[in-house]
C-alpha cells in the first residue's frame, strides 16, 4: 500500500511539475504600471501596493488588472481556502504539502506565479465570452481569512510547539486595493462585484462599500460557490482573524455567513442592485471544509454530502423567498456517480461555458441577467422538494452568532 501511495505521489508530482514547467514557458509576465490609464488593452498588469499589504508569509501583495474596450468593470475577489487553527495553518496549498502530508493544503501562503493559469473561464478572451471586453480588477487572496482579517497569529499545536506564523492581513489588502480602484475608475456603465469560494464571501462582505462608490452604475453581485455553515464563525472570524466583523461590515455574523451577507446587501446596496449565487449542489470542497470547521475532519461521505446539500438548498430557498432581487444558478454539473460529488467553483473554470441547467448554460444565464436584463433563476427543481430543502434547516442556519 505504501509503495502504491509513493507511486501515486510520484505520478502527481511529475504531472504538476510538468504543468509548472509549461506555465513558466508560456506565461508572459504582466506589465507593471500603477496607473490604469497607462496600461495596454487586453494585457494583464501588476499594480504594486504599499508595505501595509502582504501575504500570510510576509511576501509582497499586489493587484492585477486588465483593460477592456467597454465601460464595464469587474472586481473579482480570488478564492483559496483559509486557516484558523494549528492543523490548517500547518499545511499551505502547495505541491510540497501534497508530497509531505498527502494533501494539497488549506490556503495560499503567497501569490503563485501561475495564478492566471488557474483562472480561466470568465477571464478568457474568446469570442463566446460576453465578459471578455470588460475592465478587470483581480484581487489575489493570500491572507487565509476570507479577505477580512487584521491579525498576526502564531499557531501552536496541543503541546505548545510553534506550527506556523500567519499574517491574516485581508482587511488591509482589500482596503488598499479598493482605494486604488476608486482612484483609477470613474463610475462604470455596469459593475460586477464577484468572487469564487473564499472570494465569494469576500465579494459579498465588501459589495455594499464598492456599490456605494458607484451607486449610479448598473450593479451586480455574484458569489460563486460560497456556502459554509458553522457556529464557529464568531470564534474564528473575531478571535483568530481579529476581523471585528459587525463593526467592519455593519451586520452580525450568522451560522450561514453568506446568507447573512446577501440579506444585508439587499438592504444596504442601491435598490436596483442584483444579487446572485452560483454553485453545484454536492460541492465536494465546501463539504470537506464544513466538516473541518465543525470538528469532523476532512473526509466526506454520502451522509455529509447530503447534509451540506440540504443546508445549502434550504438557505438558497430562504433567500429566494426573502429577497426580490436575488437569483441563483444551481446545477449538478460534473456529478461524480461513484463519489456522489460535484466540482467546486464555476466562474474561473471551463465550467463557466459548460455548466447547464434547465437548458441554459451558466455563461448565457449571466449574459441574460447582466447584458439583457432578462432575470430568472436556474435549478429551481433542487429547491422545491421538502425532503431536500426543509424550512427547519433554513431556520437553523439563520442563528445569529
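In our numbering, the protein residues as written are 282 to 682.
Backbone N, C-alpha and C fix where the C-beta goes; we use that ideal spot for every residue, glycine too.
query, result
"Go through the region 371 to 395 residue by residue and report every complete run of the beta strand (DSSP E) that reaches 3 residues or more, in order.", "none"
"Excluding the 5 residues flanking residue 638 on each side, which residues of the same chain have their C-beta closer than 6 Å to its C-beta?", "612, 659, 660"
"For the putative contact between residue 543 and residue 600, defined by C-beta atoms under 8 Å, what is the C-beta separation to the nearest angstrom?", "5 Å"
"I'd like to know if the region 445 to 459 and the region 540 to 560 are in contact, where contact means that at least 3 CB-CB pairs between them fall below 8 Å.", "no"
"If we require 3 or more residues per run, which beta strand (DSSP E) segments fall completely within the region 320 to 352?", "325 to 329, 343 to 347"
"I need the DSSP call for residue 630, collapsed to helix, strand or coil.", "coil"
"Would the beta-carbon of residue 474 fall within 7 Å of that of residue 484?", "yes"
"Of all Cβ atoms in chain C, is any one closer than 7 Å to the Cβ of residue 393?", "The question asks about chain C, but that chain is absent: this structure has only one protein chain."
"Under three-state DSSP, which class holds residue 520?", "helix"
"Checking the sheet assignment: what are the DSSP bridge partners for residue 617?", "622"
"For residue 336, collect the residues of the same chain with a Cβ closer than 8 Å to its Cβ; drop the 5 residues on either side in sequence, then sort them by chain order.", "342, 389, 390, 391, 392, 423, 424, 448, 450"
"Tell me, please, whether the region 515 to 528 touches the region 457 to 466 by the rule of three or more beta-carbon pairs shorter than 8 Å.", "no"
"Identify the residues that DSSP records as bridge partners of residue 417: which are they?", "347, 355"
"Report buried or exposed for residue 306, applying the criterion of at least 16 other Cβ atoms within 10 angstroms of its Cβ.", "The pLDDT assigned to residue 306 is 42, lower than 50, so where the model puts this residue is not dependable; a value taken from the coordinates is nonetheless given after this. Exposed is the call here."
"Whose CA, out of 470, 433, 345, 607, lies closest to the CA of residue 421?", "345"
"Evaluate residue 320 with the Cβ neighbour count: other Cβ atoms within 10 Å of its Cβ, from every protein chain shown; 16 or more gives buried, anything less gives exposed.", "buried"
"Put residue 557 into one of helix, strand or coil per three-state DSSP.", "strand"
"Could you tell me if residue 426 is buried or exposed, where buried requires 16 or more neighbouring beta carbons within 10 angstroms of its beta carbon?", "buried"
"Run the CB neighbour count on residue 347, radius 10 Å, all protein chains shown included, and call it buried at 16 or more, exposed below.", "buried"
"If you draw a straight line from the alpha carbon of residue 500 to that of residue 591, how long is it in whole angstroms?", "30 Å"
"Is it true that the CB of residue 311 sits closer than 7 Å to the CB of residue 327?", "yes"
"Would you kindly work out how many angstroms separate the C-alpha atoms of residue 464 and residue 515, rounded to a whole number?", "34 Å"
"Using only the alpha-carbon positions, how far apart do residue 574 and residue 563 sit?", "17 Å"
"Taking all protein chains shown into account, decide if residue 468 is buried (16 or more other Cβ within 10 angstroms of its Cβ) or exposed.", "exposed"
"If we ignore side chains and look at the alpha-carbon of each, how far apart do residue 375 and residue 338 end up?", "13 Å"
"Taking the DSSP output, what are the residues bridged to residue 576?", "In the DSSP output, where bridge partners are listed per residue, residue 576 has none listed."
"Can you give the Cα-Cα distance for residue 663 and residue 309, rounded to whole angstroms?", "42 Å"
"Note down, in chain order, each residue of its chain lying with its Cβ closer than 6 Å to the Cβ of residue 313, except the 5 sequence neighbours on either side.", "327"
"Which same chain residues end up closer than 8 Å to residue 491 when comparing Cβ atoms and leaving out the 5 residues on each side of it in sequence?", "356, 459, 462, 472, 474"
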